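**Q**
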Amino acid sequence: MSKKSSKKAVEVELTPLEAKAEMERLGELIAHHDKLYHQKDAPEISDGDYDALRQSFKKLAEAFPHLVPAQNPEKTVGAAPLSGFNKVKHRVPMLSLGNAFGDDDVEDFIKRVLRFLNLKHDNMATSDPIECVAEPKIDGLSASLFYENGVFTQGATRGDGETGEDITQNLSTIKDIPKKLSGKFPATVEIRGEVYMERGDFLKMNEKQIAEGKPAFANPRNAAAGSLRQLDPSITAVRPLKFFAYALGYSDSRVANTQMELLKRIEGWGFTINNEVKLYEHSDELIDYHQRIEAKRSTLPYDLDGVVYKINDFDLQERLGFVSRSPRWAIAHKFSAEEAETTLNDIIIQVGRTGALTPVAELEPVNVGGVMVSRATLHNEDEIQRKDIRVGDRVIIRRAGDVIPQIVSVKLDARPKTGKAYVFPDTCPVCQSPAIRPEGEAVRRCTGGFTCEAQAIERLIHFASRDALDIEGLGEQSLRDFWDEKLIKTPADIFTLEARDKDKALEKRPLEEREGWGAKSVQKLFDAINAKRSIPLDRFIFALGIRQIGETTAKLLARNYGSWKNLNAQMREAENHESTAYRDFTALDGIGKAMADDLIGFFADAHNQKVISDLLTEVTVEDFVRVASAETALTGKTIVFTGTLHGMGRNEAKAKAEKLGAHVAGSVSSKTDYVVVGADAGSKADKARALGVTVLDEAAWLKLAGL
Ligand code: IVH
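Under my numbering, the first residue of the sequence shown is numbered 151, with each subsequent residue one higher.
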């Protein structure tokens with residue numbers, strides 16, 4: 151009888167050396183099956199067989215405790231994949247905050263708010279007062295907590311802001327999170343806040359990790375993230391996590407009129423509120439708060455990456471609303487960055503999705519404020535020249551929050567004699583096409599277009615990415631692998647992958663036989679791809695990765711052109727700058743000349759047209775549907791504002807018109823329905839009259855908007 155076929159026999163017969171080898175073998179095997187089970191959802195052995203492996207290991211470990219290998223399955227818990235959690239769609243999106251880095255940015259923020267609300271804003275000291283709440287910005291992870299009739303029923307991560315992951319069980323283990331609310335509360339209410347770990351607890355936990363031979367976490371935030379992401383809540387339960395509540399997500403009744411009132415109320419329900427929160431009556435006090443908290447930073451038990459200012463009054467917050475993914479009524483004021491000195495080992499050139507050649511510094515790894523940094527951005531060729539950065543130099547690195555590290559300066563006195571000035575390449579390092587830099591631009595670009603591998607693959611990665619098509623399981627690494635194997639070269643190839651994989655005539659090795667894949671994971675990928683065969687117009691436009699076209703512009707185009715067919719036709723017509731199509735296009739608010747040229751150029755390119763028409767044989771682009779809000783007098787109308795309005799700022803008027811379903815344009819054209827004329831209006835009013843467009847004064851506008 152062979153030793154390995156009988157586990158009972160193994161234990162009695164093994165010598166210490168054999169036992170050690172056997173434990174190593176079992177340790178590796180268990181780790182392999184953990185990975186198949188947890189990360190790939192593709193187990194190859196039954197649960198019973200898996201338990202038997204663990205049992206064998208356990209017995210050997212008990213008999214030979216001094217020989218237990220580092221890969222000890224009793225200590226490790228299958229690296230918890232995020233895919234192990236159910237998805238939760240947030241009732242109200244979880245947005246992020248805009249950033250202010252300097253005092254000027256804060257001043258701009260306040261001025262923007264006051265201008266929007268039509269309050270006096272020319273000078274900080276003499277501007278109208280506006281109540282603001284200042285809070286520490288805790289460096290943790292945001293979480294959403296749902297309560298039904300006062301009972302905690304669901305907790306989720308932020309995820310991409312629209313959809314997060316259900317981590318109810320893990321959040322339930324955190325003491326600061328009440329399982330039942332106290333006092334009077336709405337029947338359905340969602341509280342938001344930050345899960346974090348105190349620095350002292352983090353250090354203690356890391357010591358324990360190291361003593362157990364497990365990897366240490368880089369900082370308290372990573373430790374908190376790793377702890378929340380455990381599939382086994384009993385592990386989260388022993389991690390020292392805490393929670394500060396700072397916002398209301400959804401509520402079926404009004405809870406408070408101001409942020410300060412809200413914090414008091416939720417504190418009464420049993421939540422912990424940060425005790426550094428302060429209310430200010432005038433915005434000119436905010437910068438003092440920032441300085442005070444920054445000075446106190448190292449004495450606070452938790453990590454902060456800045457402070458947050460919020461307009462206190464909820465009615466004003468409502469009026470201010472959102473722009474893109476951030477509220478107009480709040481901003482994060484970051485702390486000044488952390489710096490460190492290191493050596494610049496090399497300068498490499500990356501080629502991005504739009505062909506931009508970006509120099510990247512490869513550094514001798516260095517710890518900057520708790521994070522190991524080995525790369526920094528060099529922005530562009532002028533930046534290298536301006537700072538005279540040379541390979542081999544000693545350089546000062548700065549890292550501010552989650553911003554990519556930068557080189558601040560070079561230590562010229564420490565420069566090696568051999569240091570040579572850096573010469574920026576004028577050909578693409580990937581496809582060798584000429585890389586040109588148009589006059590007046592900072593960026594040099596590869597002219598290879600889709601024939602440049604770097605650009606083509608970056609576009610594919612963007613196409614499948616979370617904010618674009620969001621094809622689960624088709625992340626950057628898988629796409630690079632498929633690219634190398636020539637399985638996916640264009641977006642259409644993604645959608646023909648399944649058919650090609652199943653076509654025996656091609657005599658290709660099926661995907662499931664490839665390293666790291668199994669039948670289950672391959673099917674999961676195909677399902678994820680097939681789920682994206684119908685794509686909303688705005689996502690489709692954004693996914694194409696056209697230069698300068700971000701999510702906001704993609705939405706603007708979708709809203710204005712309605713269908714892919716129409717957009718394509720109009721963009722082809724707009725190649726002629728004399729056409730109505732061109733005039734209407736450039737009259738859209740938010741479309742500048744450079745952007746217009748890029749977009750028209752994209753549609754004019756034969757290769758792009760071919761890639762898209764191939765793609766359209768596989769997918770359907772959904773026409774843009776307006777969110778089913780009630781029809782208003784402004785639904786579908788194009789409106790232009792000109793001159794000074796007295797009742798509300800111009801931006802608020804625009805936001806209001808958009809909320810009511812109108813398109814706001816920057817200039818008057820034949821397609822304009824209304825021109826709202828304030829005081830001192832100039833040529834736009836004359837042009838409107840000449841074109842016979844309806845002209846409204848401020849009173850008529852307010853009436854039309856139902857105000
Ligand atoms: S308010 C609409 N308050 O910062 C945004 N956020 O970039 C509402 N954060 O995801 C967020 N401390 O994780 C707010 N006192 C605080 C915060 C805070 C930390 C985090 C949060 C959010 C991110 C925003």
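Even glycine gets a Cβ: it sits at the ideal position worked out from N, Cα and C. Predicted model, so just to flag it, every value in this text is computed and none were measured.
In chain order, what are the residue ranges of uninterrupted alpha helix (DSSP H) at least 4 long that sit wholly in the region 308-350?
**A** Segments of the alpha helix (DSSP H) lying fully in the region 308-350: 318-322.
**Q** Please give the ranges of any alpha helix (DSSP H) in the region 564-626, keeping only runs that are unbroken, at least 4 residues long and fully inside the region.
**A** For the region 564-626, whole alpha helix (DSSP H) runs of length 4 or above, ordered along the chain, are 603-614.
**Q** Quick check: the Cα distance between Leu-413 and Val-283, rounded to an integer number of angstroms?
**A** Taking the first residue of the sequence shown as position 1, residue 413 is located at position 263. Taking the first residue of the sequence shown as position 1, residue 283 is located at position 133. In a straight line, the C-alpha of Leu-413 is about 11 Å away from that of Val-283.
**Q** Whole beta strand (DSSP E) runs in the region 490-528 with 3 or more residues, listed along the chain?
**A** Here the runs fully enclosed are 507-518 and 521-527.
**Q** For Pro-268, which of helix, strand or coil comes out of DSSP?
**A** Locating residue 268 in the sequence shown gives position 118, where the first residue counts as 1. Residue 268 is actually Asn in this sequence, not Pro. Correct three-state label for Asn-268: coil.
**Q** Quick one: grab the DSSP three-state call for Tyr-400.
**A** Here residue 400 refers to the residue found at position 250 when the sequence shown is read from its first residue. The answer is strand: DSSP assigns Tyr-400 an E or B state.
**Q** In this structure, does DSSP put Lys-287 in helix, strand or coil?
**A** Position 137 of the sequence shown, counted from the first residue, corresponds to residue 287. Strand.
**Q** Look at the alpha carbon of Ala-375 and the alpha carbon of Asn-320, and state the distance between them as a whole number of angstroms.
**A** Along the sequence shown, read from residue 1 onward, the residue named residue 375 stands at position 225. Along the sequence shown, read from residue 1 onward, the residue named residue 320 stands at position 170. The straight-line gap from Cα to Cα measures roughly 11 Å.
**Q** Where does Leu-295 fall in DSSP's three states?
**A** Position 145 of the sequence shown holds residue 295. Leu-295: strand per DSSP, three-state reduction.
**Q** Thinking C-beta only, is Phe-690 closer than 8 Å to Val-771?
**A** Position 621 of the sequence shown, counting from 1, holds the residue named residue 771. Position 540 of the sequence shown, counting from 1, holds the residue named residue 690. Contact: yes.
**Q** For Gly-290, which residues in the same chain have their Cβ closer than 7 Å to its Cβ, ignoring the five residues on either side in sequence?
**A** Indexing the sequence shown from 1 puts residue 290 at position 140. If we look at Gly-290 and ignore the five residues flanking it on each side, its Cβ neighbours are Glu-344, Val-345, Tyr-346, Arg-371 and Ala-374.
**Q** Leaving out five residues on either side along the sequence, give the residues of the same chain with a beta carbon under 6 Å from the beta carbon of Thr-504.
**A** Counting from one through the sequence shown, the residue named residue 504 turns up at place 354. These residues qualify, in order along the chain: Arg-697.
**Q** Whole angstroms are fine: how far does the CA of Leu-507 sit from the CA of Arg-565?
**A** For the purposes of this step, residue 565 is identified with residue 415 of the sequence shown, where counting begins at 1. For the purposes of this step, residue 507 is identified with residue 357 of the sequence shown, where counting begins at 1. Their backbone Cα atoms lie some 26 Å apart in a straight line.
**Q** Could you tell me which of Ala-250, Glu-533 and Ile-288 sits nearest to Ser-476, measuring between CA atoms?
**A** Residue 476 sits at position 326 when you count from the first residue of the sequence shown. Ranking the options by Cα distance to Ser-476, first place goes to Ala-250.
**Q** Leaving out five residues on either side along the sequence, give the residues of the same chain with a beta carbon under 8 Å from the beta carbon of Gly-305.
**A** Residue 305 sits at position 155 when you count from the first residue of the sequence shown. The answer, listed in chain order, is Ala-293, Ser-294, Leu-295, Phe-296, Asp-316, Ile-317, Thr-318, Asn-320, Leu-321, Ser-322 and Ile-327.
**Q** Quick one: measure Cβ to Cβ for Tyr-396 and Glu-285, integer angstroms, because I've assumed they're closer than 8 Å.
**A** For the purposes of this step, residue 396 is taken as residue 246 along the sequence shown, with counting starting at 1. For the purposes of this step, residue 285 is taken as residue 135 along the sequence shown, with counting starting at 1. Confirmed, about 6 Å.
**Q** What is the DSSP secondary structure of Phe-393, reduced to helix, strand or coil?
**A** Along the sequence shown, one-based indexing puts residue 393 at 243. The answer is strand: DSSP assigns Phe-393 an E or B state.
**Q** Do Ile-547 and Thr-493 have their C-beta atoms within less than 8 Å of each other?
**A** Taking the first residue of the sequence shown as position 1, residue 547 is located at position 397. Taking the first residue of the sequence shown as position 1, residue 493 is located at position 343. No; because the gap between Cβ atoms is not below 8 Å, this pair is not in contact.
**Q** Give me the DSSP bridge partner(s) of Gly-456.
**A** Here residue 456 corresponds to residue number 306 of the sequence shown, with the count starting at 1. Answer by DSSP bridge pairing, in chain order: Lys-287 and Lys-484.
**Q** Find the nearest neighbour of Leu-687 within the set Tyr-732, Ala-744, Asp-773 and Leu-528, judged by alpha-carbon distance.
**A** The residue given as residue 687 occupies position 537 in the sequence shown. The residue with the shortest Cα to Cα distance from Leu-687 is Asp-773.
**Q** Within 10 angstroms of the Cβ of Leu-353, are there 16 or more other Cβ atoms? Answer buried if so, exposed if not.
**A** Within the sequence shown, residue 353 is the residue found at index 203, counting from 1. Exposed.
**Q** Just how far apart, CA to CA, sit Gly-418 and Asp-463?
**A** Position 268 of the sequence shown, counted from the start, is the residue given in the question as residue 418. Position 313 of the sequence shown, counted from the start, is the residue given in the question as residue 463. Whole-angstrom Cα-Cα distance: 20 Å.
**Q** Among residues of its own chain, excluding the 5 on either side of Thr-568, which ones have a beta-carbon nearer than 8 Å to its beta-carbon?
**A** Against the sequence shown, residue 568 aligns to sequence position 418. Closer than 8 Å at the Cβ level, and outside the excluded window around Thr-568, lie Gly-542.
**Q** On the DSSP bridge assignment, give the partners of Ser-474 in chain order.
**A** Within the sequence shown, the letter at position 324 stands for residue 474. DSSP, once it has assigned bridges, lists no residue as partnering Ser-474.
**Q** Taking only the alpha-carbon atoms, compute the straight-line gap between Lys-190 and Arg-659 and give it to the nearest angstrom.
**A** What you label residue 190 is simply residue 40 of the sequence shown in a count that begins at 1. What you label residue 659 is simply residue 509 of the sequence shown in a count that begins at 1. Its pLDDT being 49, under 50, Lys-190 is placed unreliably in this model, and the value from its coordinates should be taken loosely. Rounded to whole angstroms, Lys-190 to Arg-659 spans 20 Å at the Cα level.
**Q** Rounded to whole angstroms, what's the CA-CA distance from Ala-169 to Ala-202? Just pull it up for me.
**A** Counted from its first residue, the sequence shown places residue 169 at position 19. Counted from its first residue, the sequence shown places residue 202 at position 52. In a straight line, the C-alpha of Ala-169 is about 17 Å away from that of Ala-202.
**Q** Within 10 angstroms of the Cβ of Ser-833, are there 16 or more other Cβ atoms? Answer buried if so, exposed if not.
**A** Your numbering for residue 833 matches position 683 in the sequence shown. Ser-833 is exposed by the Cβ-count criterion.
**Q** Are there 16 or more other CB atoms within 10 angstroms of the CB of Phe-207, so buried, or fewer, so exposed?
**A** Counted from its first residue, the sequence shown places residue 207 at position 57. By the 10 Å Cβ count, Phe-207 comes out buried.
**Q** From Ala-829 to Asp-847, what distance separates their C-alpha atoms?
**A** For the purposes of this step, residue 829 is taken as residue 679 along the sequence shown, with counting starting at 1. For the purposes of this step, residue 847 is taken as residue 697 along the sequence shown, with counting starting at 1. Roughly 9 Å separates the two Cα atoms.
**Q** Three-state secondary structure (DSSP) at Arg-733?
**A** Within the sequence shown, residue 733 is the residue found at index 583, counting from 1. Three-state DSSP puts Arg-733 in a helix.
**Q** Could you pull out every unbroken alpha helix (DSSP H) segment of at least 4 residues lying fully inside the region 677-749, listed in chain order?
**A** Runs found: 687-693, 701-711, 714-723 and 730-737.
**Q** Can you tell me where the beta strand (DSSP E) holding Gln-556 begins and where it ends?
**A** Translated into the one-based positions of the sequence shown, residue 556 becomes position 406. Residues 556-560.
**Q** Check whether the region 525-538 and the region 640-654 are in contact - that is, three or more C-beta pairs closer than 8 Å.
**A** No contact exists between the region 525-538 and the region 640-654.
**Q** Once DSSP output is grouped into helix, strand and coil, what is the label at Lys-354?
**A** Your numbering for residue 354 matches position 204 in the sequence shown. Here Lys-354 sits in helix by DSSP.
**Q** If you run the structure through DSSP and keep just helix, strand and coil, what is Trp-851?
**A** For the purposes of this step, residue 851 is identified with residue 701 of the sequence shown, where counting begins at 1. Helix.
**Q** Is Glu-362 helix, strand or coil when you go by DSSP?
**A** Here residue 362 is taken as the residue at index 212 of the sequence shown, counted from 1. Correct three-state label for Glu-362: coil.
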